[in-house]
Every structure is written in C-alpha cells, then in structure tokens.
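Below is one structure, written out as structure tokens; comments come after it.
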C-alpha cells in the first residue's frame, strides 16, 4: 500500500511526537535537502502573479473597449437609418414619393440632400429638404 505525501507527512509527525514528546514546527518527510524559498524568490513569484493579473485586467479592458466601440457603431447605424426613414416620410408627405423611390438606395441623409439639390431646381423640393435637414439635426 502506497501512501500519499500528505499521509506520509502525518505519519512522520505523529511518530516524531511520540519519540521526542515535543511539537513539530516544520514539515518532515520531504528530505533534508529541501529548502525554503528565499525572500528574493518569494518576491519574484509575487511579481509574476501581479504581472499575470495585470495582463488579465488589460485583456478585460480591451474587450470592454471593443464592445463599447461596437455599440457606438450600432447606434450610429440605427440613427442613420431612423434619419433616412424620417426624410423619406417627409418627402412622401409632401407628395414627392417618386423622388423617394429614386433616392431609396442612398444610405445617408447627407447624400440624399446633396443629390436632390443637384437634381431639383424647383423651390418646393429645395425648401422641403432644408426643413428636413433642420428637423433632423436639432
């Protein structure tokens, strides 16, 4: 029957206590060549542990920053889509549904305004787009 290191240590402690009738303060059973770590080794281990913790925290911070950036991009896309829908609704409300159909492929409101201003020469269309621009960016 083979004993584990912990069980072997307990047996040796109890045998030592019985023979010397004193309490032990050090672990026995690990050989007389075993040494305790020096202060420098303990300090080095502590520094390595702290360096690992710092790396883990840096990774978490980078991950959170990437998530925030992705959320910002999603928010920008949703705002652009809402603005585009508002412009299409305003143009359709003023009876410019054919112009809305022509410009539905444009992704940004700015592109819609510049494109329609170059196409449109009538005052009604120009006035409607200026109103929607002011409404969208208040």
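Residue numbers (the working numbering): 1 to 138. Just so it is clear, CB atoms sit at the ideal spot from N, CA and C, and this is done for glycine as well.
Have a look at residue 81 and residue 65 and give me their C-alpha separation to the nearest angstrom. 24 Å
Where does residue 54 land, buried or exposed, given buried means 16+ other C-beta within 10 angstroms? exposed
Consult DSSP for residue 36 and reduce its assignment to one of helix, strand or coil. coil
For residue 87, is the classification buried or exposed, using 16 other Cβ atoms within 10 angstroms of its Cβ as the cut-off for buried? buried
Using the three-state DSSP reduction, which class does residue 110 fall into: helix, strand or coil? Note that residue 110 scores a pLDDT of 43, beneath 50, so its modelled location is shaky; the value from the coordinates is reported in the next line. It is helical.
Going by DSSP in three states, residue 80 sits in which element: helix, strand or coil? helix
How would you call residue 57, buried or exposed, if buried means at least 16 neighbouring beta carbons within 10 angstroms? exposed
Taking DSSP as the reference, what is the three-state secondary structure of residue 13? helix
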